[in-house]
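Residue 252, in the numbering used here, is where the sequence shown stops; the numbers in between run on with no holes. By construction, the Cβ of each residue, glycine as well, lies at the ideal position given by its N, Cα and C atoms. Because the structure is a prediction, the values reported are computed rather than measured.
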Amino acid sequence: MDLFFHVMFTLLKIRDKVTPVDDRTKQFGINLDQTVVDYGCGVGSYSVALSKLVGKNRKVYELDIHPLAIQATRKSK
Numbered sequence: 176m177d178l179f180f181h182v183m184f185t186l187l188k189i190r191d192k193v194t195p196v197d198d199r200t201k202q203f204g205i206n207l208d209q210t211v212v213d214y215g216c217g218v219g220s221y222s223v224a225l226s227k228l229v230g231k232n233r234k235v236y237e238l239d240i241h242p243l244a245i246q247a248t249r250k251s252k
């Protein structure tokens with residue numbers, strides 16, 4: 176399971192370089208002062224981008240079933 180996560184992590188990081196996450200999250204309609212849940216946060220690509228959209232006064236909650244996903248999101252901040 177850890178090997179799968181590390182492969183997924185690498186592939187998603189490559190995807191994020193080719194297609195920036197910020198461009199995709201702008202289409203979600205999220206604005207300042209909203210609270211967001213990133214369900215199935217994976218490596219945290221969307222969480223970081225979403226936190227820029229909601230601003231410093233709100234939070235983005237990250238949920239994932241895999242413990243390595245939560246560790247990855249903590250490192251990406």
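For secondary structure counted as the alpha helix (DSSP H) over 4 or more consecutive residues, the region 215 to 242 holds these complete runs in sequence order: 220 to 229. Using a Cβ-Cβ distance cut-off of 8 Å, the region 183 to 191 and the region 207 to 215 are not in contact, since fewer than three pairs of beta carbons, one from each stretch, lie closer than that value.
With 16 or more other Cβ atoms from the protein chains shown falling within 10 Å of its own Cβ, aspartate 239 counts as buried. Here the alpha carbons of histidine 241 and threonine 194 stand approximately 25 Å from one another. According to the DSSP assignment, lysine 188 belongs to the alpha helix (DSSP H) that extends over 177 to 193. Between the alpha carbons of aspartate 197 and arginine 233 lies a gap of roughly 18 Å. Put simply, the backbone Cα of aspartate 191 is about 16 Å away from that of glutamine 202.
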